[in-house]
Amino acid sequence: MVLALFAIVVWQVVVWAGELPAILLPSPWAVATAAWETRVDLFHGFRVTGAAALSGFLLSVIIGTSIAAVMSQSVVLRLAMYPYVILLQTVPIVAIAPLLVIWSGYEFRTVVLVTVIISLFPIVNGVTEGLLAIPQDRLDLFRLYGASRWQTLWRLRIPTAIQYLMIAAKTSAGLAVIGAIVAEFFVGTGGANYSGLGTLITGWQKMGRTAPLMAALCMSTLLGVTMFVSVQFISRTVLNRWMTQE
Amino acid sequence: MQTPPSSLPSSLVCRGLHVRFENGPDVLRGIDCDFPAGEITSLVGPSGCGKTTLLRVLAGLQKVGDGMIDIDPPAKATNGEIAFVFQQPTLLPWRTAIDNVILAIQLSRAKTLRGNLSPMEAMELAEHELGLMELPKDAFRRFPRELSGGMKMRVSLARALVTRPTVLLMDEPFAALDDLSRTALGDLLLRRWDERPFTGVLVTHNIAEAALLSHRVFVLNAGRIGEPIMDDLPRPRDESVKTSTAFGQLYARISSALRSQGHD
Numbered sequence: 001m002v003l004a005l006f007a008i009v010v011w012q013v014v015v016w017a018g019e020l021p022a023i024l025l026p027s028p029w030a031v032a033t034a035a036w037e038t039r040v041d042l043f044h045g046f047r048v049t050g051a052a053a054l055s056g057f058l059l060s061v062i063i064g065t066s067i068a069a070v071m072s073q074s075v076v077l078r079l080a081m082y083p084y085v086i087l088l089q090t091v092p093i094v095a096i097a098p099l100l101v102i103w104s105g106y107e108f109r110t111v112v113l114v115t116v117i118i119s120l121f122p123i124v125n126g127v128t129e130g131l132l133a134i135p136q137d138r139l140d141l142f143r144l145y146g147a148s149r150w151q152t153l154w155r156l157r158i159p160t161a162i163q164y165l166m167i168a169a170k171t172s173a174g175l176a177v178i179g180a181i182v183a184e185f186f187v188g189t190g191g192a193n194y195s196g197l198g199t200l201i202t203g204w205q206k207m208g209r210t211a212p213l214m215a216a217l218c219m220s221t222l223l224g225v226t227m228f229v230s231v232q233f234i235s236r237t238v239l240n241r242w243m244t245q246e
Numbered sequence: 247m248q249t250p251p252s253s254l255p256s257s258l259v260c261r262g263l264h265v266r267f268e269n270g271p272d273v274l275r276g277i278d279c280d281f282p283a284g285e286i287t288s289l290v291g292p293s294g295c296g297k298t299t300l301l302r303v304l305a306g307l308q309k310v311g312d313g314m315i316d317i318d319p320p321a322k323a324t325n326g327e328i329a330f331v332f333q334q335p336t337l338l339p340w341r342t343a344i345d346n347v348i349l350a351i352q353l354s355r356a357k358t359l360r361g362n363l364s365p366m367e368a369m370e371l372a373e374h375e376l377g378l379m380e381l382p383k384d385a386f387r388r389f390p391r392e393l394s395g396g397m398k399m400r401v402s403l404a405r406a407l408v409t410r411p412t413v414l415l416m417d418e419p420f421a422a423l424d425d426l427s428r429t430a431l432g433d434l435l436l437r438r439w440d441e442r443p444f445t446g447v448l449v450t451h452n453i454a455e456a457a458l459l460s461h462r463v464f465v466l467n468a469g470r471i472g473e474p475i476m477d478d479l480p481r482p483r484d485e486s487v488k489t490s491t492a493f494g495q496l497y498a499r500i501s502s503a504l505r506s507q508g509h510d
């Protein structure tokens, strides 16, 4: 907190002393003023991008957990599916976003799609690892009672994997915001009736309005932090009993 | 509350048991031994002698390469008739003490338990069992991380006993406990056996524990088993037996058997 305040003061002083043009580096004060002036756009953008990031993130959790559940069931399935999961991770999202826009249109759903693609990998990877990282004595206990595959999955593997899911979810939540904003760079340029934070950023960049652009940047960061903190909060409250693997 | 009918304890007879792990030497090399019904038998021996493997074979957790086991009357682990106590409490950390006991009821396929017990009855049964294991009532709904090592082992024993097993297999259950808890749990185990005898097989490193808890002691060494050492101390017994001369003599017999096997 102190560090942040100090940085803002230094920033303000540098702008004053260096007489930098506002298009290059506006002062913190100018950014704050611009944020206030564009508050309606910013809050609207925050809501739209937030909705896209959250939908994409939640879909990733659902789809990723399902894929992981399937992959955890056999080595053959894992070997068959894992290359495609890695493909998801290695395809540069910025490069396929335009393609997805062509296929899916200048729509909210395209933004969600990009978000899912970028935030899916950590979930699949983390949950698969969690479903398989079961201590031998617990597996023996279930084997002893002749527990079915389903019972073992439901009563042992899934509860163990929750901790891994939540660790992955923290990474995914941040990625989801990045995915949504990157997608909006492309979706927003189509002149469609869509305005998220990513759209605002590209729009203001073209107009050379650096101060509101930086305000939008701050809003994006705030969105990422909000998502991260929410995941953390859920881990520590609702899911707390699954978070220690003693 | 409905209590499942108690059945007679089974006897276990092993003939020519061989077990070999992949790319390894034989862990068990022709084990012939009897575990009489309603008696507690201890398996002692140096680390790696195969005693835990023999226990896992009896539980059905380890496949045998050769040989046979006869259980009479037949009992199955999947029915909760053969129960296993691990060296670690092996409690699921996201379940409370009582829910960990209920797990055995949920997983066990015993018709007497799962088929007929409502969740309410299962809970009553688990509470009853935890009470018998002398776990304080306020600990029933605590999570394992909130329990001491001794308390966790009580829960683990309650989970094993809640299905009313006729055979109880124990893999050094008290090894990780302090002396006080070890003594208390040993006494408790004896009391539970006095109330409702089961066939017990106890793997242990501790000669005094073997002498106190069991009717007979087998010494294992390098995958072979010796002649049983009979334990004729009076029953019911508790810790106080340890001060008797007979206990001293028994202790000496077991440790000399261990020594002589060690020099094979």
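Chains A and B, in that order, give the protein sequences.
Going by my numbering, the first sequence opens with residue 1, and the numbers climb by one from there.
Going by my numbering, the second sequence opens with residue 247, and the numbers climb by one from there.
Where is the CB? At the ideal position from N, CA and C, for every residue including glycine.
The structure displayed is predicted, hence computed values, not measured ones.
Check                                                                                                                                                                                 : Outcome
So THR342 (chain B) is in the alpha helix (DSSP H); what residue range does that whole segment cover?                                                                                 : Per DSSP, THR342 (chain B) belongs to no alpha helix (DSSP H) and is neither H nor E.
Short of 6 Å in beta carbon distance, which residues of its chain neighbour VAL259 (chain B), apart from the five on each side in sequence? Order them along the chain.               : ASP280, ASP316
Helix, strand or coil, according to DSSP, for ILE315 (chain B) in the structure here?                                                                                                 : strand
Under 6 Å Cβ to Cβ from MET1 (chain A), same chain only, skipping five residues before and after it: list those, please.                                                              : none
Excluding five sequence neighbours on each side, which residues of the same chain lie with their C-beta closer than 7 Å to the C-beta of ILE62 (chain A)?                             : none
Could you give the DSSP three-state label for SER148 (chain A): helix, strand or coil?                                                                                                : coil
Any C-beta of chain A within less than 9 Å: which residues of the region 433-453 of chain B qualify?                                                                                  : none
Any beta-carbon of chain A closer than 8 Å to the one on PHE389 (chain B)?                                                                                                            : yes
Rounded to whole angstroms, what is the Cα-Cα separation between PRO135 (chain A) and GLN333 (chain B)?                                                                               : 13 Å
With LEU371 (chain B) as the anchor, note down where its alpha helix (DSSP H) starts and where it stops.                                                                              : 365-378
I want to verify the contact list: residues of chain A whose CB lies under 9 Å from the CB of PHE330 (chain B), in sequence order.                                                    : ASP140, LEU141, LEU144
Could you tell me which whole alpha helix (DSSP H) segments of length 4 or greater appear in the region 102-185 of chain A?                                                           : 108-132, 136-144, 149-152
If you follow the beta strand (DSSP E) that ALA329 (chain B) is part of, which residue opens it and which one closes it?                                                              : 328-331
Which residues in chain B have a C-beta closer than 7 Å to the C-beta of ARG157 (chain A)? List them in chain order.                                                                  : Going along chain B, no residue has its Cβ under 7 Å from ARG157 (chain A), so there is no contact; the nearest lies around 11 Å.
Straight-line CA distance for TRP242 (chain A) to GLY262 (chain B)?                                                                                                                   : 45 Å
Cutting at 7 Å between CB atoms, please list the residues of its own chain near SER460 (chain B), excluding the five before and the five after it.                                    : ILE286, THR287, SER288, LEU448, ASP477
Going by the beta-carbon positions, is the gap between VAL331 (chain B) and ASP417 (chain B) smaller than 8 Å?                                                                        : yes
Do you know offhand how far HIS451 (chain B)'s Cα is from ASN125 (chain A)'s?                                                                                                         : 42 Å
Taking the continuous beta strand (DSSP E) assigned at ILE277 (chain B), which residues delimit it?                                                                                   : 272-281
Here's the rule I'm using: 16 or more other beta-carbon atoms within 10 Å means buried, otherwise exposed. How should GLN163 (chain A) be labelled?                                   : buried
Hey, does THR199 (chain A) have any beta-carbon neighbour from chain B nearer than 8 Å?                                                                                               : no
Considering only DSSP beta bridges, list what ASP417 (chain B) is partnered with.                                                                                                     : B:VAL449
In whole angstroms, what separates the C-alpha of VAL14 (chain A) from that of TRP29 (chain A)?                                                                                       : 13 Å
Taking only three categories from DSSP, how would you classify LEU254 (chain B)?                                                                                                      : coil
Can you tell me which residues form a DSSP beta bridge with SER288 (chain B)?                                                                                                         : B:LEU448, B:VAL463
Quick one: what's got a C-beta closer than 8 Å to ALA421 (chain B)'s C-beta in the same chain, skipping five residues either side?                                                    : GLN333, THR450, HIS451, ASN452
Using three-state DSSP, classify ILE471 (chain B) as helix, strand or coil.                                                                                                           : strand
Any idea what DSSP makes of VAL259 (chain B), helix, strand or coil?                                                                                                                  : strand
In terms of residue numbering, what span does the alpha helix (DSSP H) encompassing ALA52 (chain A) cover?                                                                            : 39-71
On the three-state DSSP scale, how would you describe HIS509 (chain B)?                                                                                                               : Legend: pLDDT at HIS509 (chain B) = 43, less than 50; position of this residue unreliable, no value from coordinates given.
Among residues of its own chain, excluding the 5 on either side of ALA323 (chain B), which ones have a beta-carbon nearer than 6 Å to its beta-carbon?                                : ALA305, GLY306
Between the Cα of GLU473 (chain B) and those of B:ARG391, B:VAL463, B:LEU479, B:PRO482, spot the shortest distance and give me the residue it belongs to.                             : B:VAL463
Taking contact to mean 3 or more Cβ pairs, one atom from each stretch, closer than 8 Å, check whether the region 271-280 of chain B and the region 296-305 of chain B are in contact. : yes
Just the chain B side, please: which residues come within less than 9 Å of TRP242 (chain A) by C-beta, in chain order?                                                                : PRO339, TRP340
Measuring only from the beta carbon, is THR38 (chain A) closer than 7 Å to any heavy atom that is part of the ligand FMN?                                                             : For the ligand FMN, the structure offers nothing, since it holds no ligand at all.
Can you give the Cα-Cα distance for TRP204 (chain A) and LEU337 (chain B), rounded to whole angstroms?                                                                                : 58 Å
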